[in-house]
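Report on one structure; see the data block that follows.
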Amino acid sequence: MVNLTKEKTPSKLFIVQKRQKYASFNANGRQLSKFNYDTIYPPTCDKPVKLLLAKKRMKYGYLDEGSIERLAFIYVNAKPFCRGIAKVKRRYSMNIDYFGKVVVNSKGEVMVFLKMKVQSIL
């Protein structure tokens, strides 16, 4: 039996439970992922999010709105994204962006990643 939750994400995805596993479906009822996940968490932020938190085999990772695994299931603990940042833990706690890059470590130190544009000088 399939249990439809009443939880609807901002991008109109539905989280569905079947036999203790979860999958996501779009608003038309098309299945976007297999029932591989221990849990798929709905967004908790009031702002739109790009990635959904999910749990598989006791590890956390992130799915995009097409339910493609975008950030690997490597975290022992994690929170949903809000305003482009998520708190995760591997060996230590850190804040990451949508690319999995650390932006603030557990000491509160901001990690700066510069994006440089290479231009030809010829």
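For what it's worth, our numbering labels the leading residue of the sequence shown as 18, then goes sequentially. Even glycine gets a Cβ: it sits at the ideal position worked out from N, Cα and C. It should be emphasised that the depicted structure is a prediction, and the values quoted were computed from it without experimental measurement.
Taking C-beta atoms as the reference points, F42 and Q34 fail to come closer than 8 Å.
Each of P97, T61, F116, K64 was checked against the Cα of A71, and the nearest Cα belongs to P97. The residues F90, I91, Y92, V93, in chain order, have a CB closer than 8 Å to that of K76 in the same chain once the five nearest residues on each side in sequence are set aside.
Judged by DSSP in its simplified three-state form, M75 adopts coil rather than helix or strand.
R107 is not a Cβ neighbour of K64, given a cutoff of 8 Å. Residue pairing by DSSP places K104 opposite N112 in a beta bridge. In the structure shown, L68 falls within a coil segment according to DSSP collapsed to helix, strand and coil. Under the three-state reduction of DSSP, T56 is assigned to strand. Look at R87 here: in three-state DSSP terms it is strand.
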